[in-house]
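Please read the structure below before turning to the comments.
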Amino acid sequence: MADTASAAEQKLAWNPFKTPSKGLASVLPFWGKAPTTKEDHAAEAALLSHGRLSVATDSQTPSAVAGLVSKITDVEIDASGNYIHTLSIEQASGRPSKHNLVITHGYFTGLGFFFRNYDELSKVDGWNVYSIDWLGMGRSSRPTYTSQRASEDQRVAAAESFFVESLEEWRSRMGLEKMTLCGHSFGGYMSALYALKYPERVEKLVLVSPIGIPEPPEGYEEMLRNGGGPLRKPPTPTPSPGQSQTPEAPQSAKPTADDVAKPGIRRVMFFRMAMNLWERNFAPQWVVRSAGPFGRRLIDWYIGRFSWLSEEQRVSLAAYAHQISVLPGSSESALGDILRPGAFARRPLVGRIAGLQMPTVFMYGKNDWVDYTGGAEVIERIGGRVATNMYRIPKAGHNLHLENPADFNKAMVREMKVLD
Numbered sequence: 001m002a003d004t005a006s007a008a009e010q011k012l013a014w015n016p017f018k019t020p021s022k023g024l025a026s027v028l029p030f031w032g033k034a035p036t037t038k039e040d041h042a043a044e045a046a047l048l049s050h051g052r053l054s055v056a057t058d059s060q061t062p063s064a065v066a067g068l069v070s071k072i073t074d075v076e077i078d079a080s081g082n083y084i085h086t087l088s089i090e091q092a093s094g095r096p097s098k099h100n101l102v103i104t105h106g107y108f109t110g111l112g113f114f115f116r117n118y119d120e121l122s123k124v125d126g127w128n129v130y131s132i133d134w135l136g137m138g139r140s141s142r143p144t145y146t147s148q149r150a151s152e153d154q155r156v157a158a159a160e161s162f163f164v165e166s167l168e169e170w171r172s173r174m175g176l177e178k179m180t181l182c183g184h185s186f187g188g189y190m191s192a193l194y195a196l197k198y199p200e201r202v203e204k205l206v207l208v209s210p211i212g213i214p215e216p217p218e219g220y221e222e223m224l225r226n227g228g229g230p231l232r233k234p235p236t237p238t239p240s241p242g243q244s245q246t247p248e249a250p251q252s253a254k255p256t257a258d259d260v261a262k263p264g265i266r267r268v269m270f271f272r273m274a275m276n277l278w279e280r281n282f283a284p285q286w287v288v289r290s291a292g293p294f295g296r297r298l299i300d301w302y303i304g305r306f307s308w309l310s311e312e313q314r315v316s317l318a319a320y321a322h323q324i325s326v327l328p329g330s331s332e333s334a335l336g337d338i339l340r341p342g343a344f345a346r347r348p349l350v351g352r353i354a355g356l357q358m359p360t361v362f363m364y365g366k367n368d369w370v371d372y373t374g375g376a377e378v379i380e381r382i383g384g385r386v387a388t389n390m391y392r393i394p395k396a397g398h399n400l401h402l403e404n405p406a407d408f409n410k411a412m413v414r415e416m417k418v419l420d
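Under full-length UniProt numbering, the sequence shown has 50 at position 50, and the numbering climbs by one with no breaks.
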């Protein structure tokens, strides 16, 4: 009887349309099914096992393997019971630890997306490795997220504070005095802002294909007015082999309004509809929730393009991605508060993070859709005031840690050892 009541309560609590609240599932309650905590953990554990990582949960006693203790915990960060889902790979008792690496994931992903990296990174002597799910994402708690509409500046500031302050509270609860902070994509954006506000807590900052750095190109506003004609950018020059790990100069030529293609009426209508959805904080996770059983097919199609993974890895990654995507909506809707269409930041970082006070590293894939010249411009503005470096990982795009883990891990280990 108790089990039946528990199941009923769980079903009532499950609301895949918490943000937003409308959709097919609201009239067909059987359309979606809540993933249970057990199912969540199973999907995550199966994915991590591909990276030779076996972790204990809150209810289990972790044991040391090769001098390391790996565990998954939910770290409470406030009096309301909100928590940040955390993977910890720590030096076993009696082994010295001098540094802490904290990894933050990108949008529409979670800590599981680094399953190909944990094994190598945790082997660096004297380092503890932590990876988190951002508050309201992954398997972290899902508090109600409300966009601030008073002004664009307030809208951006509130969204940034939501993530930065929750990360600081997590750090405090974990008792980490200092850390090397590594953020991918959206996580890179937030990690950079954290380092700006709490520089005394960050030994080194590693930004992996971070979004939101450059100013929009010339012609951007006209592109929006014209209904989304593509900006034709000049080809990115290919560096010589000796330049692959050094900062590269930003391109001098920028597209202008004359380079904007004139779209047809259908494109204009579609673009304006997409713009409206973006401004209303529409998130792709809503599509997955709305699609019910077809949502998994969408995820399978997306992950199925990851040809650099084995079939077994793709199956596990798709199962994990689907589980974290159908959880109640929360801070995923913050993306529209931070970025404008085209993934340009409402408050670009290029002029904000030039004041960074710690060694800063940028990493991009050679085939990355995020333009590395944004990072190069930040390095130029820093002007040697602090140590900087840039890597462009070969045979990789935006998810360079997944696509070419060997070279990504090698670069990360190199930067970790520099601190020793």
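Beta carbons are placed, not taken as given, at the ideal position from N, Cα and C, and that holds for glycine. In this text the structure is predicted, and so the values were computed from the model without any measurement.
Measuring CB to CB, does L419 end up less than 8 Å from T180?
On the sequence shown, residue 419 is found 419 positions in, with the first residue counted as 1. On the sequence shown, residue 180 is found 180 positions in, with the first residue counted as 1. Yes, these two residues count as a Cβ contact at 8 Å.
Helix, strand or coil: how does DSSP classify residue 475 here?
Nothing about residue 475 can be reported from this structure: the residues present for the chain run from 1 to 420 only.
Can you check DSSP and say which residues form a bridge with Q91?
Counted from its first residue, the sequence shown places residue 91 at position 91. DSSP output for Q91 lists L68 as bridge partner(s).
Grab the span of the alpha helix (DSSP H) containing E203 for me, first residue to last.
For the purposes of this step, residue 203 is identified with residue 203 of the sequence shown, where counting begins at 1. Element bounds for E203: not the alpha helix (DSSP H) but the beta strand (DSSP E), V202 to V208.
Quick check on the DSSP output: the alpha helix (DSSP H) that includes M174 runs from which residue to which?
Counting from 1 along the sequence shown, the entry for residue 174 is found at position 174. Segment E152 to M174, the alpha helix (DSSP H) holding M174.
Report the three-state DSSP secondary structure of S307 (helix, strand or coil).
Counting from 1 along the sequence shown, the entry for residue 307 is found at position 307. Correct three-state label for S307: coil.
By the 10 Å Cβ neighbour count, where 16 or more other Cβ atoms means buried, how is H401 classified, buried or exposed?
Counting from 1 along the sequence shown, the entry for residue 401 is found at position 401. With 16 or more Cβ atoms within 10 Å of its Cβ, H401 is classed as buried.
Cutting at 8 Å between CB atoms, please list the residues of its own chain near V55, excluding the five before and the five after it.
Within the sequence shown, numbered from 1, the residue matching residue 55 stands at position 55. The answer, listed in chain order, is A45, L48, P62, S70, K71, I72 and L87.
With respect to 7 Å, is the separation between the Cβ of L193 and the closest non-hydrogen atom of the ligand MN below this value?
No copy of the ligand MN occurs in the structure displayed, which carries no ligand at all.
Grab me the residues of L196's own chain with a C-beta within less than 8 Å of its C-beta, minus the 5 sequence neighbours each way, in chain order.
Within the sequence shown, numbered from 1, the residue matching residue 196 stands at position 196. Closer than 8 Å at the Cβ level, and outside the excluded window around L196, lie R352, I353, G355 and L356.
Starting from the C-beta of E120, find all residues in its chain whose C-beta is less than 6 Å away, skip the five residues before and the five after it, and write them out in chain order.
Walking along the sequence shown from the start, residue 120 turns up at place 120. The answer, listed in chain order, is N409.
Secondary structure of F344, DSSP reduced to three states:
Taking the first residue of the sequence shown as position 1, residue 344 is located at position 344. Three-state result, F344: strand.
Mind checking which residues open and close the alpha helix (DSSP H) that includes T388?
Residue mapping note: residue 388 aligns to position 388 of the sequence shown, counting from 1. For T388, there is no enclosing alpha helix (DSSP H); the enclosing beta strand (DSSP E) has its first and last residue at T388 to I393.
8 Å Cβ cutoff met for S191 and G183
Along the sequence shown, read from residue 1 onward, the residue named residue 191 stands at position 191. Along the sequence shown, read from residue 1 onward, the residue named residue 183 stands at position 183. Between S191 and G183, the CB-CB gap stays under 8 Å.
Can you have a look at T146 and say buried or exposed, based on whether 16 or more other CB atoms are within 10 angstroms of its CB?
As a first step, residue 146 is located in the sequence shown; it is residue number 146 there, counting from the start. Under this definition T146 is an exposed residue.
Going straight from the alpha carbon of V164 to that of R52, what length do you get?
The count along the sequence shown starts at 1 and reaches residue 164 at position 164. The count along the sequence shown starts at 1 and reaches residue 52 at position 52. When rounded, the distance between both Cα atoms is 31 Å.
Output needed for G110: all residues of its chain with C-beta closer than 6 Å, excluding positions within five of it in sequence on either side, in chain order.
Here residue 110 refers to the residue found at position 110 when the sequence shown is read from its first residue. Around G110: D133, G138 and I324.
Taking its Cβ as the centre, do 16 or more other Cβ atoms sit within 10 Å of L360, making it buried, or is it exposed?
Looking up residue 360 in the sequence shown gives position 360. With the sequence shown as reference, residue 360 is identified as Thr, and Leu is not the correct amino acid for it. Buried is the call here.
Whole-angstrom distance between S185 and M174, CA atom to CA atom:
Residue numbering aside, residue 174 sits at position 174 when the sequence shown is read from its first letter. Residue numbering aside, residue 185 sits at position 185 when the sequence shown is read from its first letter. One C-alpha to the other measures close to 24 Å.
Are the beta-carbon atoms belonging to E332 and G212 less than 8 Å from one another?
The residue you call residue 332 lines up with position 332 of the sequence shown. The residue you call residue 212 lines up with position 212 of the sequence shown. No.
Should the stretch 282-297 be called in touch with the stretch 81-95, which here means at least 3 C-beta pairs below 8 Å?
No, because fewer than three Cβ pairs between the stretch 282-297 and the stretch 81-95 fall closer than 8 Å, the two stretches do not touch.
Only counting the same chain, and skipping five residues up and downstream in sequence, which positions put a Cβ closer than 6 Å to that of K395?
For the purposes of this step, residue 395 is taken as the residue at position 395 of the sequence shown. These residues qualify, in order along the chain: N404.
By Cβ distance, which residues of its chain are closer than 6 Å to M363, with the 5 residues on each side in sequence left out?
Counting from 1 along the sequence shown, the entry for residue 363 is found at position 363. Excluding positions up to five away in sequence, the list reads V208 and Y391.
Using alpha carbons as the reference points, say which of M412, F162 and H50 lies closest to L335.
In the sequence shown, the residue the question calls residue 335 occupies position 335. Per the C-alpha coordinates, the member of M412, F162 and H50 positioned closest to L335 is F162.
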